[in-house]
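Below: one structure, written as structure tokens.
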Amino acid sequence: MFVDTIQINLLSGSGGSGSVSFSSKSSKTSPNGANGGKGGSIIFVSDSGVFDYSNLKSKGSFKAENGGDASKNLQNGPNGKDMYLKIPIGTSIISDGELLAEIIDENVEYKICQGGMGGRGNKDLISKRNPNPEICESGEKRRKVTLDLELSLLTDIALIGLPNAGKSSLIQTITNSNSKIDSYPFTTVSPSLGVYENNKEIVTICDLPGLIKGAAEGTGLGKSVLRHLKNTKFIIFLLDPDNSGYNIEEQIKLLENEIETYNPEFRNIKNLKVVNKSDLDKIEKNYLNISTVTEEGIGELLQKLDEISFRELNRVNKSYEKIFVEADEFDIEADEDVWKIRGRKAEKITNLKGNSHEILNEISYRFEKSSISQELINQGIKKGDIVDLNGHEFSYE
Ligand SMILES: Nc1nc2c(ncn2[C@@H]2O[C@H](COP(=O)(O)OP(=O)(O)OP(=O)(O)O)[C@@H](O)[C@H]2O)c(=O)[nH]1
Ligand SMILES: [Mg+2]
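Residue 190 in our numbering sits at position 206 of the sequence shown, and the numbers go up by one each step.
If you want it as structure tokens, here you go:
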């Protein structure tokens, strides 16, 4: 089964915990607790040998390795392995309806779910304030990301027409494709690719399901057909003189209208209008007439296509990568004189283990320096109010 849309859950690895330990070679002990390993990240790699998401479909959820905890005596925890997932070229990466990336180049790596930072051990926490720390940091938690992936195939030519126009018959006539042909509408339910060689280059053709009125709004297989056009360089409109509902001009109008409604930019895709089924003696004078049955006109069609240099044509889509600055976010919830603060930034302040007295000192030092403290002042915190920072409570001074 061809899978061209998928929702997947990604979990990066958590960071390992730092350690608290001391060297005791001489009478003077010194901190030598090491750092936890980084958690593994999940990285997409665009691969021209992958054609859809069926390799991801069977799992749906992916988890990178956690970083290891540090041991004593300067032994850092091992980093968790990154996980690489192959995705097809032509993938749109979408999070919560927002487009994060369009991947149309081969071998692009996209770190989509960052592994957690390892926690620092007591050696790296030495400071003037605390020269002999008995605390360490726990590692950052894993991140969870849910993404929608949508594929728009990269092809030179797309065959567009109403159901039964003969699109699959045409791709079979001119390429090695064995797209299914039958006399009922919507025989083709997913795109199929074929290639042929002209005197200059290898040309890829994509046979698509038929379009009907309302396709741009999702009628029939509409959206899943039209989505592919953003990575298509050229359209053949295949028209059917034997269609009982629409004459040739009406078919052109319907198809162009659906395409433009879906995306006005698609108007710029070059096209050729071809009338099929000339063997039925329904010749349309103003167009190239062909028959996939008698192969009449097929040579002429190929000649016309030979005149086009597909390499030089542009696709509507551009590769795109949103600069993804992860916010060090936090939420403040105020209830009378208690201020509850949660979120990644709060975790970064309170991620400490060890001597409880030192933990409190370190937390209040980090808290005062942080933007959380400034935000609380802006929101009107008063002396004596209770601050609940990720479960650690203290009174504000
Ligand atoms: N007489 C005649 N019939 C044709 C010709 N080309 C295709 N057909 C017939 O038209 C019907 C539809 O052909 P398909 O190739 O499956 O059409 P399609 O456009 O791929 O249809 P969908 O996948 O349903 O959108 C079949 O019965 C074909 O045999 C032609 O040149 N002449
Ligand atoms: Mg078909």
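We put the beta carbon where it would ideally sit given N, CA and C, even for glycine.
| query | result |
| --- | --- |
| Simplified DSSP assignment, three categories, for T171 | coil |
| Residues near F35 in its chain [Cβ-Cβ closer than 6 Å; skip 5 each side] | P72 |
| Sufficient close CB pairs (3 or more, under 8 Å) joining the region 163 to 180 to the region 189 to 206 | yes |
| Neighbourhood of D166 by C-beta, 7 Å cutoff - its chain only, sequence neighbours within 5 removed | none |
| Segments of 3+ residues assigned as beta strand (DSSP E) that fall wholly inside the region 127 to 163 | 128 to 135 and 139 to 144 |
| Cβ-heavy atom distance, T157 to ligand 2, below 7 Å | no |
| 8 Å Cβ shell around E331 - same chain, five flanking residues per side excluded | E124, K125 and N374 |
| Sub-8 Å separation of N91 and S30 beta-carbons | yes |
| N39 and K70 closer than 8 Å at C-beta | yes |
| C-beta atoms of K254 and F218 nearer than 8 Å | yes |
| Meets three-Cβ-pair contact criterion under 8 Å: the region 222 to 235 and the region 130 to 150 | yes |
| Identity of the residues DSSP links to I78 by a beta bridge | L83 and D132 |
| Residue environment, L83, which counts as buried when at least 16 other CB atoms sit within 10 Å | exposed |
| Distance between beta carbons of S7 and S55, contact taken as under 8 Å | Not quite, the Cβ-Cβ distance comes to about 13 Å (not below 8 Å), so this is no contact. |
| Collapsed DSSP secondary structure at E280 in the structure displayed | coil |
| Beta carbon proximity, T278 to chain D, threshold 8 Å | This model lacks chain D altogether, as it is built from one protein chain only. |
| Pairwise C-alpha distance: S228 and D191 | 22 Å |
| Distance between beta carbons of G364 and S379, contact taken as under 8 Å | Not quite, the Cβ-Cβ distance comes to about 16 Å (not below 8 Å), so this is no contact. |
| Length of the line joining the Cα atoms of E86 and I110 | 45 Å |
| Burial state of R211, where buried means 16 or more other Cβ atoms lie within 10 Å | buried |
| Proximity to S1 [Cα-Cα], best of I347, E381, G338 and E377 | G338 |
| Alpha-carbon spacing of V277 relative to S163, whole angstroms | 16 Å |
| S45 beta carbon near ligand 2 (any heavy atom closer than 7 Å) | no |
| Pair within 8 Å by beta-carbon distance, I243 and L143 | no |
| Distance cut 7 Å, beta-carbon to ligand 2 heavy atom: residue list by chain order | K151, S152, S163, K164, I165, T171, T172, D191, P193 and G194 |
| Identity of the residues DSSP links to G338 by a beta bridge | I119 |
| Environment of F(-14) [buried if 16+ CB atoms lie within 10 Å] | exposed |
| Distance CB(G103)-CB(S76) smaller than 8 Å | no |
| Cβ neighbours of K107 in the same chain (closer than 6 Å, five flanking residues each side left out) | P15, N16 and G17 |
| Reduced DSSP secondary structure (H/G/I, E/B, other) of P62 | coil |
| Candidates Y94, N215, D226 and F170, of which the one nearest T188 by Cα | N215 |
| Reduced DSSP secondary structure (H/G/I, E/B, other) of K56 | coil |
| Heavy atom of ligand 4 within 7 Å of T276 beta-carbon | Among the ligands present in this structure, namely ligand 1 and ligand 2, ligand 4 is not found. |
| Selected residue, minimal CA-CA separation from G33, among G23, S293, V322 and G74 | G74 |
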